[in-house]
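Engineer: Following the working numbering, the numbering of the sequence shown begins with 114 at its first residue and continues without gaps. Note that CB positions come from ideal geometry on N, CA and C, so glycine has one too. Small disclaimer: the values here were computed from a predicted structure and weren't measured.
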Amino acid sequence: MSEQDHANELEKWIQAREGELQRREAELKQWAGLHTEGAETELPDGLRAQQIVGQVGALRREQA
114 MSEQDHANEL EKWIQAREGE LQRREAELKQ WAGLHTEGAE TELPDGLRAQ
164 QIVGQVGALR REQA
């Protein structure tokens, strides 16, 4: 594999991960809008996302 081929494969991988992260962020924002009163529409520095993930984890532990 040439250096250019390797660079192209790496770029594809990075783009796929970025797309996945954007999709997950959109899912978290949607979840927050459905399940949290006064949900933030933006996730400043990912803190809101971390808060939501923590809330989901707590709910799952309560249900278990």
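Once DSSP output is grouped into helix, strand and coil, what is the label at Ala177?
Structural biologist: Residue numbering aside, residue 177 sits at position 64 when the sequence shown is read from its first letter. Coil, per DSSP.
Engineer: Can you check whether the CB of Leu134 is closer than 7 Å to the CB of Ile165?
Structural biologist: Here residue 165 refers to the residue found at position 52 when the sequence shown is read from its first residue. Here residue 134 refers to the residue found at position 21 when the sequence shown is read from its first residue. When the beta-carbon positions are compared, Ile165 and Leu134 stay at least 7 Å from each other.
Engineer: When the Cα atoms are used, what is the spatial distance from Gln176 to Glu131?
Structural biologist: Numbered from its first residue, the sequence shown carries residue 176 at position 63. Numbered from its first residue, the sequence shown carries residue 131 at position 18. C-alpha separation (whole angstroms): 32 Å.
Engineer: Apart from the five residues just before and just after Glu122, which ones in its own chain have a Cβ nearer than 8 Å to its Cβ?
Structural biologist: Residue numbering aside, residue 122 sits at position 9 when the sequence shown is read from its first letter. Contacts found: Met114.
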